[in-house]
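K.L.:
If you read the protein sequences in the order shown, they are chains F and W. Using the numbering used here, read the first sequence as starting at 4 and increasing by one per residue. Using the numbering used here, read the second sequence as starting at 4 and increasing by one per residue. The beta carbon of each residue, even a glycine, is placed where N, CA and C say it ideally should be. Below are the structure tokens for one structure; questions will follow.
2 protein chains.
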Amino acid sequence: MTGSGPGSPLGLHRVLDPAGVLPQAAWRLDASPAEVCRIVAERGKMQNPVTGSGGMLTGVVEESGPGSPLGLAPGDRIATLVSLSLTPLVITDGLTGWDGRSEQVPCRGHAILFGRSIATVLPADLPGPLALAVLDVCGAPALTGRVVSQAAGRAGGSAPVVAVLGAAGKSGSLSTVAARRAGAGRVIGVVPSEAEAATLRAAGLADEVVIADARDPVALAAAVHGAGGPAAVTVVCVDVPGCEGGAVLATADGGTVIFFSMATSFTAAALGAEGAAADVTMLIGNGYVPGHARLALDLVRCEPGVRGLFEARVSEDARDGKVEA
Amino acid sequence: MTGSGPGSPLGLHRVLDPAGVLPQAAWRLDASPAEVCRIVAERGKMQNPVTGSGGMLTGVVEESGPGSPLGLAPGDRIATLVSLSLTPLVITDGLTGWDGRSEQVPCRGHAILFGRSIATVLPADLPGPLALAVLDVCGAPALTGRVVSQAAGRAGGSAPVVAVLGAAGKSGSLSTVAARRAGAGRVIGVVPSEAEAATLRAAGLADEVVIADARDPVALAAAVHGAGGPAAVTVVCVDVPGCEGGAVLATADGGTVIFFSMATSFTAAALGAEGAAADVTMLIGNGYVPGHARLALDLVRCEPGVRGLFEARVSEDARDGKVEA
Chain F
4 MTGSGPGSPL
14 GLHRVLDPAG
24 VLPQAAWRLD
34 ASPAEVCRIV
44 AERGKMQNPV
54 TGSGGMLTGV
64 VEESGPGSPL
74 GLAPGDRIAT
84 LVSLSLTPLV
94 ITDGLTGWDG
104 RSEQVPCRGH
114 AILFGRSIAT
124 VLPADLPGPL
134 ALAVLDVCGA
144 PALTGRVVSQ
154 AAGRAGGSAP
164 VVAVLGAAGK
174 SGSLSTVAAR
184 RAGAGRVIGV
194 VPSEAEAATL
204 RAAGLADEVV
214 IADARDPVAL
224 AAAVHGAGGP
234 AAVTVVCVDV
244 PGCEGGAVLA
254 TADGGTVIFF
264 SMATSFTAAA
274 LGAEGAAADV
284 TMLIGNGYVP
294 GHARLALDLV
304 RCEPGVRGLF
314 EARVSEDARD
324 GKVEA
Chain W
4 MTGSGPGSPL
14 GLHRVLDPAG
24 VLPQAAWRLD
34 ASPAEVCRIV
44 AERGKMQNPV
54 TGSGGMLTGV
64 VEESGPGSPL
74 GLAPGDRIAT
84 LVSLSLTPLV
94 ITDGLTGWDG
104 RSEQVPCRGH
114 AILFGRSIAT
124 VLPADLPGPL
134 ALAVLDVCGA
144 PALTGRVVSQ
154 AAGRAGGSAP
164 VVAVLGAAGK
174 SGSLSTVAAR
184 RAGAGRVIGV
194 VPSEAEAATL
204 RAAGLADEVV
214 IADARDPVAL
224 AAAVHGAGGP
234 AAVTVVCVDV
244 PGCEGGAVLA
254 TADGGTVIFF
264 SMATSFTAAA
274 LGAEGAAADV
284 TMLIGNGYVP
294 GHARLALDLV
304 RCEPGVRGLF
314 EARVSEDARD
324 GKVEA
């Protein structure tokens with residue numbers, strides 16, 4: 004791992020093509036010196052060609068540039084909190100240590116962090132794969148907490164109803180407990196199947212657990228309304244296309260929808276709300292909120308229900324060989 | 004024009020395929036009885052295959068369903084305020100009255116409005132094409148005004164800086180004056196060329212007019228910073244892809260970006276902000292805000308600069324034959 008060297012804190016000096024864009028929008032980054040693998044070989048970064056997202060990495064700091072604002076020292080075990088889709092990346096072992104199936108990909112190589120490529124030292128008290136899984140989605144609980152807390156402040160006494168779509172997943176379960184801690188009066192967890200409902204009920208995270216297909220707007224809205232909705236805040240953590248309309252219909256007038264799913268269609272959300280004359284605020288889920296890593300790790304430390312759910316997901320992913328972008 | 008008949012106020016009964024989705028997400032709507040044209044023939048609605056949006060219509064109310072909440076009477080000259088991408092539509096004259104080039108398409112036919120398909124009676128004091136052009140973008144000034152007013156309330160005394168990208172355009176010019184009226188301390192109008200800068204300066208809408216390519220993040224951020232930025236609120240009214248990164252960099256930490264452009268990429272916005280560790284709130288521009296039509300029409304009535312700009316755009320569009328989705 005190499006720390007940020009001289010150049011732009013945004014990493015503009017590492018953009019090869021097209022000139023002048025930011026690293027995330029770039030087709031190709033300069034990750035030299037390099038012998039690289041698959042997409043990383045071609046593009047100097049990791050970026051899922053379908054979703055446009057890239058995942059994150061953990062590693063050991065090799066060198067920190069003079070005057071680096073990141074506060075990292077050689078030898079620190081860290082996780083990056085920005086997408087691999089903007090991080091110059093080199094893989095030197097041909098991924099020979101990877102079975103090609105597990106979500107986390109062990110490899111040798113180096114990455115280069117810019118002055119604004121925030122990273123965090125891995126906590127000593129949590130297993131590495133667990134911490135990595137938590138940090139990968141840490142923006143969701145932080146932004147959810149902020150929005151619910153603002154809604155609670157506006158509500159003038161009555162604590163807001165919050166619906167979390169995909170509440171048994173990683174970003175969903177963290178967002179569920181973050182909503183509760185931020186002052187939600189009732190948290191409705193929406194899941195697609197009886198199996199996930201059982202998991203979520205056992206974890207004890209939500210006040211109500213309902214089963215609905217988030218792609219079916221009428222069924223979703225009916226489920227949320229039936230469980231005490233409409234929601235003042237609806238949080239979309241379901242990574243399938245077509246959830247925009249249902250999320251809007253599940254939300255009260257004057258309420259807010261936060262879209263964390265990378266499968267969200269900007270046009271479908273904008274026209275869906277307009278077409279239903281729905282006065283809802285719709286947020287693009289920004290993965291960065293100050294303090295997000297610490298908040299998410301604290302939630303996992305203090306909430307046995309979330310921790311159990313994450314541990315199950317991490318070992319499930321390793322067993323099933325899911326690869327996440 | 005036919006008013007809303009019995010059935011779902013969202014128009015679910017008019018969805019043919021796929022079953023169960025909202026009209027905007029539908030592939031095909033029931034617009035019978037019908038003899039239709041081009042896309043309208045195939046899909047029972049108008050929807051631009053590239054942008055997914057559909058435009059709007061004006062017409063005369065033929066019939067109003069019993070108990071319709073729209074408050075319209077037969078003979079009313081109205082404009083719909085929801086997208087044609089969700090409105091059952093029939094064209095009966097084969098578009099013989101259209102030259103195939105102008106932005107506004109004269110035709111005979113009928114459309115069906117649902118209980119939540121809001122529409123407004125056309126004002127008697129403004130020419131039809133002008134009113135139509137204003138109503139087509141009326142969501143932008145309403146949401147901009149709301150967000151700027153909230154920012155002004157939070158700022159604790161200091162009036163917020165607002166940057167409008169594409170400030171000489173239709174939604175951009177309305178958003179610029181809406182921002183000023185909502186309490187902006189300084190409005191920076193960003194345009195792509197010297198010609199547009201001259202137009203915007205002559206209209207007298209913005210405090211500062213700067214020229215920058217909104218697709219060039221570094222140039223855009225430098226231009227906005229140089230004109231008194233960063234912005235507390237950045238409004239994106241430029242309908243070209245690739246403006247997400249620049250909009251984020253032009254915005255102050257804790258600020259808000261409102262994306263009105265249908266060319267916005269959800270992923271590019273989400274990952275762009277995260278990658279730059281930018282703590283900005285990003286809004287999907289909802290075309291519906293209560294009172295939006297009246298507000299936009301009032302702005303055009305009271306602000307000669309905006310009215311002049313709109314009149315020029317309307318005749319320009321008719322002359323150049325631009326077709327808008």
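List the residues of chain F that threonine 270 of chain W touches, going by C-beta distances under 8 Å, in chain order.
P.N.:
Against chain F, the beta carbon of threonine 270 of chain W has neighbours under 8 Å at Thr54, Gly55, Ser56, Met265, listed in chain order.
K.L.:
Going straight from the alpha carbon of histidine 228 of chain F to that of glycine 249 of chain F, what length do you get?
P.N.:
12 Å
K.L.:
Just the chain F side, please: which residues come within less than 7 Å of aspartate 20 of chain W by C-beta, in chain order?
P.N.:
The contacting residues do not exist; aspartate 20 of chain W stays about 14 Å from chain F at best.
K.L.:
From methionine 285 of chain F to leucine 286 of chain W, what distance separates their C-alpha atoms?
P.N.:
If you draw a straight line from the Cα of methionine 285 of chain F to the Cα of leucine 286 of chain W, it comes to about 6 Å.
K.L.:
Please report how far the alpha carbon of glycine 245 of chain F lies from the alpha carbon of alanine 217 of chain F, in whole angstroms.
P.N.:
A direct Cα-to-Cα measurement between glycine 245 of chain F and alanine 217 of chain F gives close to 8 Å.
K.L.:
Shortest alpha-carbon distance to proline 126 of chain F belongs to which of F:Ile81, F:Asn51, F:Ser196?
P.N.:
F:Ile81
K.L.:
When you compare only the Cα positions, how much space is there between valine 24 of chain F and alanine 222 of chain W?
P.N.:
10 Å
K.L.:
To the nearest whole angstrom, what separates the beta carbons of asparagine 289 of chain F and alanine 276 of chain W, a pair I think is in contact under 8 Å?
P.N.:
4 Å
K.L.:
Just the Cα atoms here: how many angstroms apart are leucine 129 of chain F and valine 165 of chain W?
P.N.:
44 Å
K.L.:
Report back the beta-carbon spacing between serine 203 of chain F and alanine 224 of chain F to the nearest angstrom; my notes put them in contact at under 8 Å.
P.N.:
Inspection of the sequence shows that residue 203 of chain F is occupied by leucine rather than by serine. Between the beta-carbon of leucine 203 of chain F and that of alanine 224 of chain F there is about 20 Å, and that puts the pair past the 8 Å contact cut.
K.L.:
Within a Cβ cutoff of 6 Å, which residues of the same chain sit near arginine 46 of chain W, ignoring the five residues on either side of it in sequence?
P.N.:
Only Arg31 meet the Cβ criterion.
K.L.:
Within this structure, are the beta carbons of glycine 311 of chain W and cysteine 240 of chain W separated by less than 9 Å?
P.N.:
Between glycine 311 of chain W and cysteine 240 of chain W, the C-beta spacing is not below 9 Å.
K.L.:
Quick check on the burial criterion: 16 or more other C-beta atoms within 10 angstroms. Buried or exposed for glycine 232 of chain W?
P.N.:
buried
K.L.:
Can you confirm whether glutamine 107 of chain F, when its beta carbon is compared against all beta carbons of chain W, has any partner nearer than 9 Å?
P.N.:
no
K.L.:
Quick test of your reading: alanine 143 of chain F and leucine 177 of chain F, contact by CB under 8 Å. State the CB separation rounded to the nearest angstrom.
P.N.:
Right, the Cβ-Cβ distance comes to about 6 Å (below 8 Å), so this counts as a contact.
K.L.:
Does the Cβ-Cβ distance between valine 193 of chain W and isoleucine 214 of chain W come in under 9 Å?
P.N.:
yes
K.L.:
Using the C-alpha atoms, what's the distance from valine 151 of chain F back to glycine 186 of chain F?
P.N.:
7 Å
K.L.:
Is the beta carbon of valine 85 of chain F closer than 9 Å to that of alanine 76 of chain F?
P.N.:
no
K.L.:
CB leucine 98 of chain F to CB lysine 48 of chain F, shorter than 9 Å?
P.N.:
no
K.L.:
For a test of the three-state rule: what should DSSP assign to glycine 192 of chain W, helix, strand or coil?
P.N.:
strand
K.L.:
From leucine 208 of chain W to threonine 179 of chain W, what distance separates their C-alpha atoms?
P.N.:
7 Å
K.L.:
Quick one, which residues of the segment 137-166 of chain W are near chain F if we go by CB-CB under 7 Å, in chain order?
P.N.:
Of all residues in the segment 137-166 of chain W, those with a C-beta nearer than 7 Å to a C-beta of chain F are Gly142, reading in chain order.
K.L.:
Between leucine 274 of chain F and glycine 118 of chain W, is the Cβ-Cβ spacing less than 9 Å?
P.N.:
no
K.L.:
Do alanine 44 of chain F and isoleucine 115 of chain F have their C-beta atoms within less than 9 Å of each other?
P.N.:
no
K.L.:
Are the CB atoms of glycine 257 of chain F and valine 238 of chain F within a distance shorter than 9 Å?
P.N.:
no
K.L.:
In three-state DSSP terms, what is valine 85 of chain W?
P.N.:
Coil at valine 85 of chain W, not helix or strand.
K.L.:
What do you reckon, are the CB atoms on glycine 148 of chain F and leucine 298 of chain F nearer than 9 Å?
P.N.:
In this structure, leucine 298 of chain F lies closer than 9 Å to glycine 148 of chain F by Cβ.
K.L.:
For histidine 113 of chain W, write down the residues that DSSP places opposite it in a beta bridge.
P.N.:
W:Val93
K.L.:
To the nearest angstrom, how far is the alpha carbon of isoleucine 42 of chain W from that of serine 88 of chain W?
P.N.:
11 Å
K.L.:
Between which two residues does the beta strand (DSSP E) containing phenylalanine 262 of chain F stretch?
P.N.:
254-262
K.L.:
Quick one, which residues of the segment 109-124 of chain W are near chain F if we go by CB-CB under 7 Å, in chain order?
P.N.:
Arg119, Ile121
K.L.:
On the DSSP letters alone, give me the boundaries of the alpha helix (DSSP H) that threonine 123 of chain F sits inside.
P.N.:
Here threonine 123 of chain F belongs to no alpha helix (DSSP H); instead the beta strand (DSSP E) covers 122-124.
K.L.:
Given that a residue counts as buried once 16 or more other Cβ atoms are within 10 Å of its Cβ, and exposed if not, what is aspartate 20 of chain F?
P.N.:
Exposed, because fewer than 16 other Cβ atoms sit within 10 Å of the Cβ of aspartate 20 of chain F.
K.L.:
What in chain W is Cβ-close to glycine 245 of chain F, meaning under 8 Å?
P.N.:
Val24, Ala28
K.L.:
Output needed for arginine 316 of chain W: all residues of its chain with C-beta closer than 8 Å, excluding positions within five of it in sequence on either side, in chain order.
P.N.:
Ala136, Gly172, Lys173
K.L.:
Where does leucine 129 of chain F fall in DSSP's three states?
P.N.:
In this structure, leucine 129 of chain F counts as coil in the three-state DSSP scheme.
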